[in-house]
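In my numbering, each residue carries its 1-based index in the sequence shown increased by 238. All C-beta atoms in this analysis are idealised placements derived from N, C-alpha and C, irrespective of residue type, glycine included. A short worksheet on the structure shown next.
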Amino acid sequence: MKVADILGVDGCRLVEPSFAELTMDSYTALLLRAMADEARLLVDEEEEPLALALHDESGWHAVSFLFRDPTLAAIECFEEIGGDIYQESRAAWLSAVREYYSLDICKNVLPALEDLPPDREGKIRDLIDEVWGDRPGDPLP
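The following block contains the structure:
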């Protein structure tokens, strides 16, 4: 599931520029500068906030609270706008956030030549043969 699907919007940009920056509180303050007309608060099964999304004239923007606590200002902003609350498992949100940043890396980062040597396919086949041998794989449930 994608970030936008979980939040029930057509498209959404995470304010944190990279997965590594999901721990930084400053991005919450950056989101709160938006002149928002709609809001979405995502909570987990225990009603702990996972994300806050705000809509302005340029679309939906969100911050994630996977690795930091929401600020009081973020909760107050949501309450002032009177947004909608969505619920999803923490695992599903984490998966969606990982996918978001993985796709961003694929789109914006060129692989280094060292990542794609000409003999890569042979090395991968050798590694699979070494680990799996000739036994068949079991299908996932």
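Output the boundary residues of the beta strand (DSSP E) element that contains residue i.
i: D322; result: D322 to Q325
i: R336; result: From DSSP, R336 is part of no beta strand (DSSP E) but of the alpha helix (DSSP H) over R328 to N346.
i: L252; result: C250 to L252
In whole angstroms, give me the CA-to-CA distance for residue i and residue j.
i: L290; j: H299; result: 8 Å
i: S302; j: A277; result: 14 Å
i: E285; j: L304; result: 13 Å
i: G360; j: I343; result: 25 Å
i: S296; j: L252; result: 13 Å
i: E352; j: L288; result: 37 Å
i: L260; j: A350; result: 25 Å
i: S256; j: D364; result: 34 Å
i: G249; j: L292; result: 12 Å
I need the DSSP call for residue i, collapsed to helix, strand or coil.
i: A300; result: strand
i: E286; result: coil
i: D275; result: coil
i: A291; result: strand
i: V241; result: helix
i: L354; result: coil
Kindly indicate if chain D contains any beta-carbon less than 8 Å away from that of residue i.
i: M239; result: No chain D is present in this structure, which holds just one protein chain.
Please list the terminal residues of the continuous alpha helix (DSSP H) segment that includes residue i.
i: A311; result: L310 to I319
i: K361; result: R358 to W370
i: L260; result: No alpha helix (DSSP H) holds L260; DSSP gives it neither H nor E.
Taking 7 Å as the line, does the beta carbon of residue i fall inside it for any heavy atom of the ligand FMN?
i: L288; result: Among the components modelled here there is no ligand, and therefore nothing to report on the ligand FMN.
In its own chain, which residues sit with a C-beta less than 7 Å from the C-beta of residue i, not counting the 5 before and 5 after it?
i: A312; result: T266, L270 and L290
i: D322; result: R278
Suppose contacts are defined by Cβ-Cβ distances below 8 Å. Is residue i in contact with residue j by that definition?
i: L280; j: E318; result: no
i: V247; j: Y338; result: no
i: D372; j: T309; result: no
Which same chain residues end up closer than 8 Å to residue i when comparing Cβ atoms and leaving out the 5 residues on each side of it in sequence?
i: A330; result: M239 and I244
Leaving aside the five residues before and after residue i along the sequence, list all residues of the same chain whose C-beta is less than 6 Å from its C-beta, in chain order.
i: R328; result: D282
i: M273; result: D294
i: G320; result: none
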